[in-house]
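Mind the numbering: the sequence shown is residues 20 to 285 in the working numbering, read in order.
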Amino acid sequence: MTETTSPDLDLYARRLAFERPLAADLDTLRALQRAHLRTVPFENSSVLFGEPIVLDQAAFVRKLGAQVRGGFCYELNGAFASLLVDAGFAVELLEARVFTDGGRVGPRFDHLALRVTIDEPWLVDVGFGYSFLEPLRLSTDAEQQDQMGTFRFSAAADGIDLEWRHRDGRWVAEYRFDPKPHDLEDFGDTCAYQQTSPDSPFVQGWICSLVDGNGATTLSDRRLIVSSGETRTEQDVDDADLPAILAARFGIRARLEGRRWIRAGG
C-alpha cells in the first residue's frame with residue numbers, strides 16, 4: 020500500500036471539522052465516527068461510473084479528503100483506519116458478512132469493519148451506512164444504547180453477530196464478523212466482485228446513505244427513504260429528478276446517458 024501523506028490526512032481531518040494531530044482517546048473516537056457518518060456519504064458512484072476501486076488506503080484518504088467524495092465500506096473504513104492509526108489508535112481490520120433481508124448471511128469479506136482497542140476493544144464502523152452512530156463496546160454482556168437505537172452482540176458458531184432492535188421490537192442481525200484481524204489485501208477478491216459482478220447490488224443501481232440527526236437519508240436505486248426517529252417516508256424518484264437529488268443529498272454530480280450513469284462536471 021502507498022504511504023498516506025500528511026497533506027491528504029490534513030484535508031480528510033478538516034472535512035470532519037478536526038485538525039491533526041488528533042488525540043487517541045475514546046471521546047475523540049466517538050466524535051470522529053459521529054462526524055464521519057454525518058459528513059461523508061456511503062455511496063457507490065465509482066462503481067456505476069466504471070471507476071476501478073483499488074485497495075489502497077492512500078487512495079481512499081485522497082478520495083475522501085482532496086476529492087471530497089464518499090465511497091463504500093472498503094474505502095470508508097479503509098481511510099478511517101489510516102486516520103486513526105495516524106492519531107495513535109490501535110486499529111485492526113475485521114471481515115464481516117452482511118445479512119440479507121431474508122436473514123441469510125452473505126459471503127466472507129462482504130464488509131470491512133474496524134476494531135479499535137482503547138484499554139478494551141470497540142467496534143467502529145463508518146462504512147455501513149445507516150447503523151450505530153458511535154463505537155460499540157465489543158462485549159456480549161449487555162445491550163447498548165445509541166442515538167440510533169439499541170444494539171447488541173450475539174455469539175454465533177462462526178463469528179459474532181451485530182444486532183439492532185427495530186421499532187417493532189424485533190432484533191435484526193446486520194452483519195456477522197470474524198474477530199480475527201485481516202490485512203486490507205484479504206478483501207481484494209470480494210471488492211472486485213462488488214464492483215464488477217452483475218449479481219452485486221452495487222452494480223444494479225444507486226446505493227447511497229447519509230446520517231442526519233437520529234435518522235438517515237437513503238437512496239435505494241430509485242427509491243428515496245428519509246428516516247428520523249420513529250418516522251419514515253419513502254418516495255419513488257424518476258430518472259429526470261435523480262441528478263438533483265444525488266447532488267443535493269449526497270454531493271454526487273451525475274448524468275444519465277442512455278442507460279449508463281457518468282460523472283458530470285469533469
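Just so it is clear, CB atoms sit at the ideal spot from N, CA and C, and this is done for glycine as well.
Look at the beta carbons and you see the region 74-81 not touching the region 166-176: under three pairs across the two are nearer than 8 Å.
Here Ala-100 is buried, its C-beta having at least 16 other C-beta atoms within 10 Å. Between Asp-255 and Arg-242, the CB-CB gap stays under 8 Å.
Taking C-beta atoms as the reference points, Leu-102 and Glu-204 fail to come closer than 8 Å. The region 199-215 makes contact with the region 122-137, as at least three CB pairs between them are under 8 Å. Counting C-beta pairs closer than 8 Å gives fewer than three between the region 182-197 and the region 260-274, which falls short of the contact rule. Exposure of Ile-281 is indicated by the presence of fewer than 16 other C-beta atoms within 10 angstroms of its C-beta. By the C-beta density criterion, Pro-126 is exposed, having fewer than 16 other C-beta atoms within 10 angstroms. Using a C-beta cut-off of 8 Å, the region 85-95 makes contact with the region 60-72, since at least three inter-stretch Cβ pairs fall below that distance. A distance below 8 Å separates the beta carbons of Arg-195 and Ala-175.
A direct Cα-Cα distance of roughly 13 Å separates Leu-181 from Leu-113. For the 8 Å CB-CB criterion, Leu-155 and Trp-141 form a contact.
In this structure, Ala-109 sits away from Val-145, with a CB-CB distance that is not shorter than 8 Å. For Asp-105, the secondary structure class from DSSP, reduced to helix, strand or coil, is helix. Cβ atoms of Leu-41 and Ala-85 stay farther apart than 8 Å, at about 19 Å. In summary, Glu-249 is exposed, with fewer than 16 beta-carbon neighbours lying within 10 Å of its beta-carbon over all protein chains present.
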